[in-house]
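**Q**
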Amino acid sequence: PPLHCCSPMFRGRPSSVGNLAPHFVARQGGATCSTIIPVQGGTTRRLQEQAIAFGKKRPFVTNCIISVIKTTLADVVTQKAEGADQLDWKRSGLFASFGFLFLGCWQWLLYVNVFSRLCPKAVPFANLTLRDKLGDRAGQLDVLKQNLLDNFLHSPFIRFPAFYLLKEIGQEGAHLDFETLSNVAGKCRNNFVEDNSACIAIWFPANFIVFAVPMWLRLPSVHGISFLWTMVLSSMRGGSSASEWESCAHGLSGREEERVSE
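Numbered by the working numbering, the letters in the sequence shown go through residues 1 to 262 in order.
(1) Three-state secondary structure (DSSP) at residue 150?
(2) Enumerate in chain order the residues of its own chain whose CB-to-CB distance from residue 209 is below 7 angstroms, with the five nearest sequence positions on each side excluded.
(3) Measuring straight from C-alpha to C-alpha, what distance separates residue 78 and residue 95?
(4) On the premise that residue 99 lies in contact with residue 68, defined as a C-beta separation below 8 angstroms, what is that separation, rounded to the nearest angstrom?
(5) Got a sec? Which residues, its chain only, sit under 6 angstroms from residue 206 by beta carbon, not counting five neighbours each side?
(6) State buried or exposed for residue 147, treating a residue as buried only when at least 16 other CB atoms are found within 10 Å of its CB.
(7) Nearest to residue 129 by alpha carbon, out of 218, 212 and 179?
(8) What would DSSP say about residue 90, mapped onto helix, strand or coil?
(9) Between the C-alpha atoms of residue 123 and residue 131, what's the straight-line distance to the nearest angstrom?
(10) Along the chain, which unbroken stretches of the alpha helix (DSSP H) at least 4 residues long are found entirely within the segment 117-145?
(11) Contact check, residue 150 vs residue 203 under 8 angstroms by CB: the rounded distance?
(12) Return the chain-ordered ranges of every alpha helix (DSSP H) run that is complete within the segment 183-229 and spans a minimum of 4 residues.
(13) Roughly how many angstroms lie between the CA atoms of residue 259 and residue 106, to the nearest whole one?
(14) For residue 230, I'd like the list of residues in its chain whose CB is within less than 6 angstroms of its CB, leaving aside the five on either flank, ordered along the chain.
(15) State the DSSP-derived secondary structure class of residue 166, mapped to helix, strand or coil.
(16) Tell me whether residue 239 is buried or exposed, calling it buried when 16 or more other Cβ atoms sit within 10 Å of its Cβ.
(17) Is it buried or exposed, residue 168, if we count other Cβ atoms within 10 angstroms and call 16 or more buried?
(18) Can you tell me the Cβ-Cβ gap for residue 170 and residue 93, rounded? I've got them flagged as a contact below 8 angstroms.
(19) Considering just the uninterrupted stretch of the alpha helix (DSSP H) at residue 105, what are its terminal residues?
(20) Thinking C-alpha only, which one of 235, 216 and 111 is nearest residue 57?
(21) When the Cα atoms are used, what is the spatial distance from residue 237 to residue 184?
(22) Below 8 angstroms on the Cβ atoms is my contact criterion, and I expect residue 219 with residue 63 to pass it. Report the Cβ-Cβ distance as a whole number of Å.
(23) Tell me the DSSP secondary structure of residue 42 in three-state form.
(24) DSSP three-state label for residue 174, please.
(25) Short of 7 angstroms in beta carbon distance, which residues of its chain neighbour residue 133, apart from the five on each side in sequence? Order them along the chain.
Right, here's the structure in full:
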């Protein structure tokens, strides 16, 4: 409830206590009576302002924090959607590591530094108004160039090998040796079409938005779309190698049975 203050100390001026807003209602006996009304949402607003200020001051750290939270949460949601009674924390740890090392650190370097140098019109184009973007052919070509580089070079030869390497080491407990690298190469080769088809289906249309929005909005838009992509990746490749092999073996035996019946 509002607080009514009738005191000579408030005479002739509004009363203010902390984040409380004043509203005069009457005068009684020469004393100013005011109703002090709490400003709703003051704490939330301050937290939002502090978060935005931190993000502007420490964009790289903010990007890493968001990446870890996003990838972990996406995997947990996927496991629950799959009906898991208990969470596989090794699997969630894999996605947290992938979120920090690859999405947080590497993609910051790639999207902010490398692409802006390979495509010099990218940053000026991103910061133009929509009307100016429609007439900037050089900038539009750089958006297309970034999209092609991301989907047909970066994803098949860096994104998926990095994911499978972290999966072998973090989830399977392998050591970084020739055998592990050979297993990673085998998985990349065997899953090449399926992995990259799923990636292109999401990221090729999405990147036209990602590389066209203002620079300050680029990584937040990446994180929003990446939440969906991480859920897809978790569903496709989040399980252990043993479960993947059992699924593959089941599929092969089914095809063999079909051939025999024919």
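Idealized CB from N, CA, C, for every residue including glycine.
Note that the structure is predicted; figures quoted are calculated from it, not measured.
**A** From the atom records:
(1) helix
(2) 221
(3) 12 angstroms
(4) 5 angstroms
(5) 225
(6) buried
(7) 212
(8) helix
(9) 16 angstroms
(10) 122-126 and 130-134
(11) 7 angstroms
(12) 192-210
(13) Its pLDDT being 43, under 50, residue 259 is placed unreliably by the model, and the measurement read from it follows with that caveat. So the two alpha carbons sit approximately 46 angstroms from each other.
(14) 71 and 74
(15) helix
(16) buried
(17) buried
(18) 6 angstroms
(19) It is not in any alpha helix (DSSP H) - residue 105 carries neither H nor E in the DSSP assignment.
(20) 216
(21) 13 angstroms
(22) 5 angstroms
(23) helix
(24) coil
(25) 125, 139 and 212
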